Amino acid sequence: MNKDGKQFHLNCTSKDIGKYVLLPGDPERTNLIAQKLDNSKLIGQNRELRVWTGMLNDKKVSVVSTGMGGPSTAIAVEELIHCGAHTFIRVGTSGRVGEKSQDNKYIGAIFTSAIRDEGTSKSYVPAEYPAVASIDVINALIKATQTLKYNFLPGIGHSKESFYGEIDPESMPIDEELKSKWRVWQRANAVATEMESSTLFVISSIRGVRAGSICAYDFMNEETINVAIEAIKNLIILDSASTI
Numbered sequence: 004m005n006k007d008g009k010q011f012h013l014n015c016t017s018k019d020i021g022k023y024v025l026l027p028g029d030p031e032r033t034n035l036i037a038q039k040l041d042n043s044k045l046i047g048q049n050r051e052l053r054v055w056t057g058m059l060n061d062k063k064v065s066v067v068s069t070g071m072g073g074p075s076t077a078i079a080v081e082e083l084i085h086c087g088a089h090t091f092i093r094v095g096t097s098g099r100v101g102e103k104s105q106d107n108k109y110i111g112a113i114f115t116s117a118i119r120d121e122g123t124s125k126s127y128v129p130a131e132y133p134a135v136a137s138i139d140v141i142n143a144l145i146k147a148t149q150t151l152k153y154n155f156l157p158g159i160g161h162s163k164e165s166f167y168g169e170i171d172p173e174s175m176p177i178d179e180e181l182k183s184k185w186r187v188w189q190r191a192n193a194v195a196t197e198m199e200s201s202t203l204f205v206i207s208s209i210r211g212v213r214a215g216s217i218c219a220y221d222f223m224n225e226e227t228i229n230v231a232i233e234a235i236k237n238l239i240i241l242d243s244a245s246t247i
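Residue 4 is where the sequence shown starts when you use the working numbering, and the numbers rise one by one after that.
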């Protein structure tokens, strides 16, 4: 907590945050997503963490940017869990990896799990521990794509530590190792590559909350945001039915 009794980095309390949270990386992207909520309000921003909260299906929903990479994602997710959030959907961008993902009919990917090719999650548990999305969130995302008739490719994602290790491996002293590993992920049919999902999945599994990821290929698009919003609505309906 900070001196005002709020979460140290998010600078908010449980009263500010919904149980359901959408997690883009880019703070500016929170503005686009928040427009999809009813009565959305900017709670505040500290560093790369911008927080909005509004309503969907009469439930409080928040949109929080994580910044880029595992470390800042871990900080945001930990503090959101401290505020009582229990369901997370990363709404990000990614690159294509395996052969199936090269098909241009797919505009993005839904992660069922993620390759832990980063360091943050290894600060929590050894590498043998899987980074797996919640089955509820996976199903909600897939159902949303079917409802909206958008083509997203479900499968195993890849979370890396270094953006330029993928984009410009020749400039790195370990370029041969990087290129060799990239060929492995391609042959292993990874559907997308980004920098945050494996950290989100590991922390969520350890803390006993739900998480999933949907990522547009290359650049954010309206369809990806629409699917994430529809998936949150699906999860709210699912949760309401389970409490009747």
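C-beta: ideal position from N, C-alpha, C; glycine also.
None of these values were measured; they are calculated from a predicted model.
Quick check on this structure: which residue in Ile239, Ala214, Thr227 and Thr56 has the alpha carbon closest to the alpha carbon of Phe204? Taking the first residue of the sequence shown as 1, we reach residue 204 at position 201. It is Ala214.
Under the rule that 16 or more other beta-carbon atoms within 10 Å means buried, what is Phe222, buried or exposed? Walking along the sequence shown from the start, residue 222 turns up at place 219. By the 10 Å Cβ count, Phe222 comes out exposed.
Does Ile237 come out as helix, strand or coil in the three-state DSSP assignment? In the sequence shown, the residue the question calls residue 237 occupies position 234. Ile is not the amino acid found at residue 237; the sequence shown has Asn there. Shown here, Asn237 sits in a helix according to DSSP, grouped into three states.
Using DSSP bridges, identify the partner residues of Leu83. Here residue 83 is taken as the residue at index 80 of the sequence shown, counted from 1. Beta-bridge annotation (DSSP): Leu83 is not paired with any residue.
State the DSSP-derived secondary structure class of Ser201, mapped to helix, strand or coil. Locating residue 201 in the sequence shown gives position 198, counting from the first residue. Of the three classes helix, strand and coil, the one that applies to Ser201 here is helix, per DSSP.
Determine which residues share a DSSP beta bridge with Tyr220 and list them. For the purposes of this step, residue 220 is identified with residue 217 of the sequence shown, where counting begins at 1. In the DSSP output, where bridge partners are listed per residue, Tyr220 has Ser97.
Within 7 angstroms: the Cβ of Ile228 and any heavy atom of the ligand SAH? As for the ligand SAH, it is missing from this structure, which has no ligand bound.
Assuming Ser162 contacts Glu121 (C-beta within less than 8 angstroms), just tell me the rounded distance between them. Within the sequence shown, the letter at position 159 stands for residue 162. Within the sequence shown, the letter at position 118 stands for residue 121. About 5 angstroms; that satisfies the 8 angstroms criterion.
Contact set for Arg210: own chain, Cβ-Cβ below 7 angstroms, skip 5 residues either direction: On the sequence shown, residue 210 is found 207 positions in, with the first residue counted as 1. Scanning its chain for C-beta atoms nearer than 7 angstroms, with the 5 sequence neighbours on each side dropped, one finds around Arg210 the residues Ile84, in chain order.
Rounded to whole angstroms, what is the Cα-Cα separation between Val140 and Glu102? Here residue 140 corresponds to residue number 137 of the sequence shown, with the count starting at 1. Here residue 102 corresponds to residue number 99 of the sequence shown, with the count starting at 1. Note on geometry: alpha-carbon atoms of Val140 and Glu102 lie some 25 angstroms from one another.
Ignoring anything shorter than 3 residues or poking outside the stretch 157-191, list the beta strand (DSSP E) runs there in chain order. The beta strand (DSSP E) runs lying completely inside the stretch 157-191 and spanning 3 residues or more number zero.
Three-state secondary structure (DSSP) of Gly73: Within the sequence shown, the letter at position 70 stands for residue 73. Gly73: helix per DSSP, three-state reduction.
Along the chain, where does the beta strand (DSSP E) containing Asp120 start, and where does it finish? As a working mapping, residue 120 is identified with position 117 in the sequence shown. In the DSSP annotation of this structure, the continuous segment of the beta strand (DSSP E) that includes Asp120 starts and ends at Gly111 to Asp120.
Bridge partner(s) assigned by DSSP for Thr90: As a first step, residue 90 must be located in the sequence shown, where it is residue number 87. According to DSSP, which records beta bridges pairwise, Thr90 is partnered with Tyr23 and Arg213.
Report back the beta-carbon spacing between Gly28 and Gly73 to the nearest angstrom; my notes put them in contact at under 8 angstroms. Position 25 of the sequence shown, counted from the first residue, corresponds to residue 28. Position 70 of the sequence shown, counted from the first residue, corresponds to residue 73. Between the beta-carbon of Gly28 and that of Gly73 there is about 11 angstroms, and that puts the pair past the 8 angstroms contact cut.
Test item: CB-CB of Ala77 and Val67 under 8 angstroms: By one-based count along the sequence shown, residue 77 stands at place 74. By one-based count along the sequence shown, residue 67 stands at place 64. Inclusion of Ala77 and Val67 in the CB contact set at 8 angstroms is not warranted, their separation being larger than that value.
Proximity winner among Trp188, Phe91 and Met4, relative to Ile138 (alpha-carbon distances): Position 135 of the sequence shown, counting from 1, holds the residue named residue 138. Looking at the Cα atoms, Phe91 is the closest of the given residues.
Which residues mark the beginning and the end of the beta strand (DSSP E) in which Gln48 is found? Walking along the sequence shown from the start, residue 48 turns up at place 45. It spans Asp41 to Asn49 - the beta strand (DSSP E) in which Gln48 sits, taken as one unbroken run.
Between the CA atoms of Glu199 and Lys146 - distance to the nearest angstrom: For the purposes of this step, residue 146 is taken as residue 143 along the sequence shown, with counting starting at 1. For the purposes of this step, residue 199 is taken as residue 196 along the sequence shown, with counting starting at 1. Distance between the alpha carbons of Lys146 and Glu199: 23 angstroms.
If I'm right that Ala219 touches Ile159 with Cβ under 8 angstroms, what's the distance once you round it to whole angstroms? As a working mapping, residue 219 is identified with position 216 in the sequence shown. As a working mapping, residue 159 is identified with position 156 in the sequence shown. Between Ile159 and Ala219 the Cβ distance is about 17 angstroms, and since that is not below 8 angstroms, they are no contact.
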